[in-house]
Amino acid sequence: MLAQGLYANPDETTFQEYAVVPADIASKIPDNFSDEQVATIPVASLAALVGLFHASGAGIPHPFAGEKAGKGKPIVVLGGSSSVGQYVIQFARLAGFSAILTTSSAAHESYLKSLGATHVFPRDVSASTLSELAPSLSVVYDAISSPETQSFGLELLASNPDGKLVTVLGPNPESEKTRAIYGSSHTFRDVSVPFWGAVKGLLESGELKPNRFETLQGLENIEEALEQNRKGVSGVKVVVRF
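With my numbering as the guide, the letters of the sequence shown map in order to residues 6 to 247.
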């Protein structure tokens, strides 16, 4: 089974032989997927899910009942090669967005386009370049959420008073357009339950691809995994197996 842990309840956390999770926010794992592959899904995908589809984020109707609320619309994803960014791109594709513009290093361009990005730009792309391709932009998802990327996202939305900048960290700078989100299956069941009900089928059909990953073996390597993340990893998730 695949599910998102809950810090407040030790019975629902990892690194133990058994965990107890609510059935409505869990999924069976397809036979052809490894534990390492699907371990990359819960945290990052829920940040993407809540940020795009919950009212606390962009509030776009979710696509898991077949609705294509993004049809004919553009979206910008800052940090597309990050774990969260990769899921944002895929969810935007599932929601029918016609132009999915993202920033990333050139090394990840082909992979991000395979996930659904229509345009991949270097991180120093100008706001005017993106605005030319997305003139009616209403949603920017900032999967990095540094002060610099948030300021850039707000610049992209400057001409739209109703635009929304979704961030994974607190707003910096402060703005009424910023929606700092928390990706929780337990808290936001109106979007998480439909998602978890669809996960197995999406994986089997190839419509949802887990993050690429690197594996470290054994609990003794937890510190090494954390250090890798502190130094910065790009395009992959570090998974510890025990």
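Backbone N, C-alpha and C fix where the C-beta goes; we use that ideal spot for every residue, glycine too.
- Residue environment analysis places Lys236 among the exposed positions, since fewer than 16 neighbouring C-beta atoms fall within 10 angstroms of its C-beta.
- Sequence-distant partners of Leu207 (beyond 5 residues in either direction) whose C-beta falls short of 7 Å from its own C-beta, in its chain, are Leu213.
- Under the three-state reduction of DSSP output, His124 falls in the strand class.
- Taking a C-beta distance under 7 Å as the contact criterion, Gly101 and Gly75 qualify as a contact pair.
- In the pairwise beta carbon analysis, the region 74-88 is classified as touching the region 138-154: at least three pairs are separated by under 8 Å.
- Every beta strand (DSSP E) of 3 residues or more that sits fully in the region 127-166 is shown, in chain order, as 144-147.
- An exposed status is given to Val25, since fewer than 16 other beta-carbon atoms sit within 10 Å of its beta-carbon.
- Residue range Asp40 to Ala44 is occupied by the alpha helix (DSSP H) that includes Ala44.
- Shown here, Lys236 sits in a helix according to DSSP, grouped into three states.
- Here the C-alpha atom of Ala230 lies approximately 26 Å from the C-alpha atom of Pro35.
- Unbroken alpha helix (DSSP H) stretches of 4 residues or longer found wholly inside the region 64-129: 88-99 and 114-120, given in chain order.
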